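Residues in the sequence shown are numbered from -14 upward in steps of one, following the working numbering.
Notes follow the structure.
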Amino acid sequence: MAESREHTFTGARGANTVREWPLDLPRYIAILVHGYGEHIGRYEYVADRLVRHGAAVYGLDHMGHGKSEGDRALVEDFEDVVTDVHAVEERARAGHPGVPVVVIGHSMGGMIAARYAQRYGDGLAALVLSGPVIGEWEIVPALLAYEEPPDTPIDPATLSRDLSVGAAYAEDPLVWHGPFKRATLEAFATTLAEITKSGPLGPLPTLWVHGDDDELVPLAGSRPGIEAIRGTDLTERIYPGARHEVFNETNKDEVLDDVTTFIDRTLPR
């Protein structure tokens, strides 16, 4: 696996930990945006593929996640998370002036990445959304119907057909295994509505990858969100039988081949 290093910076709501997988003279910068309750350390395989493809890779643990500060899995305003990701992009650009930037977001990270593209897309070469929480995520209104959201633990088997992925997730001390915080659910609802309202991404090349057996973020719920933001350059890849974490699926190399092929198309020649 590619070597990595960590540093911290003061984010919108405290100290955030960033991991970098460096590469001298990269063809592009890849910024990874992780999902709810997890952390950027779960993306070693993805980062390694991208480094071998010519990328310098960066990703932070969001506030309240992984090694970053904050109450666990508490996000009161996702605009703050978008701002934190932008700080990572600025650091990456300072180290590699003039190098194209690609943002890759998974699940909740796909929602953050979509909003990021609406705010900062003019500076991006491409956007990749993996199983994105976008459009209609049924768990949000269902849990907000309760004054105190019930604990609805993720079934690790829904992550991937490779059951070792779910087992590692269940045993990972940096993964949040507790219930949703009400404030986080409210922030999800606000951001999903804001993304839909803010509209298309224009000419930004966008790749949407999703498993058709995704029970955590069902395909049917994400599609309306994709339609709301789709610009003039959208590529869609739906993988039969794949579950939520397509980057950790049994066909993960096929998925990452699709990602790198897409990125090749978008980079300046």
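The beta carbon of each residue, even a glycine, is placed where N, CA and C say it ideally should be.
Just so we're clear, the structure is a prediction, and the values are computed from it rather than from any experiment.
Exposed or buried, what is residue i when buried is set at 16 or more other beta-carbons lying within 10 Å of its beta-carbon?
i, result
"aspartate 46", "buried"
"tyrosine 43", "buried"
"serine 149", "exposed"
"alanine 227", "buried"
"arginine 250", "exposed"
"leucine 177", "buried"
"leucine 201", "buried"
"methionine 48", "buried"
"alanine 130", "exposed"
"arginine -2", "buried"
"alanine 77", "buried"
"proline 190", "buried"
"glycine 90", "buried"
Does the beta-carbon distance from residue i to residue j come in below 8 Å?
i, j, result
"proline 85", "leucine 252", "yes"
"isoleucine 97", "phenylalanine 63", "yes"
"proline 164", "proline 135", "yes"
"asparagine 233", "leucine 144", "yes"
"glycine -4", "aspartate 56", "no"
"valine 88", "tyrosine 101", "yes"
"aspartate 197", "leucine 186", "no"
"proline 138", "glycine 151", "no"
"valine 67", "arginine 104", "yes"
"leucine 8", "alanine 40", "yes"
"valine 244", "glutamate 23", "no"
"histidine 19", "tyrosine 28", "yes"
"alanine 58", "lysine 166", "yes"
"glycine 120", "glycine 206", "yes"
"leucine 192", "valine 113", "yes"
Where does residue i fall in DSSP's three states?
i, result
"threonine 169", "helix"
"leucine 35", "helix"
"tyrosine 131", "coil"
"tyrosine 224", "strand"
"asparagine 233", "helix"
"leucine 17", "strand"
"isoleucine 139", "coil"
"valine 160", "coil"
"threonine 176", "helix"
"leucine 45", "strand"
"glutamate 123", "coil"
"glycine -1", "strand"
"glycine 108", "helix"
"leucine 148", "helix"
"glutamate 5", "strand"
"glycine 90", "strand"
"leucine 241", "helix"
"alanine 40", "strand"
For a test of your reading of the model: does the CB of residue i fall under 7 Å from any non-hydrogen atom of the ligand GDP? Yes or no.
i, result
"aspartate 147", "The model depicted lacks the ligand GDP and carries no ligand whatsoever."
What residue range is occupied by the uninterrupted alpha helix (DSSP H) comprising residue i?
i, result
"arginine 76", "63 to 80"
"alanine 102", "93 to 105"
"alanine 213", "204 to 214"
Just to confirm the assignment, what range does the beta strand (DSSP E) spanning residue i have?
i, result
"arginine -10", "-10 to -4"
"histidine 50", "Run containing histidine 50: none; DSSP gives neither H nor E here."
"histidine 195", "191 to 196"
Are any of the Cβ atoms in chain D nearer than 8 Å to that of residue i?
i, result
"proline 209", "In the structure shown, chain D cannot be found, because there is only a single protein chain."
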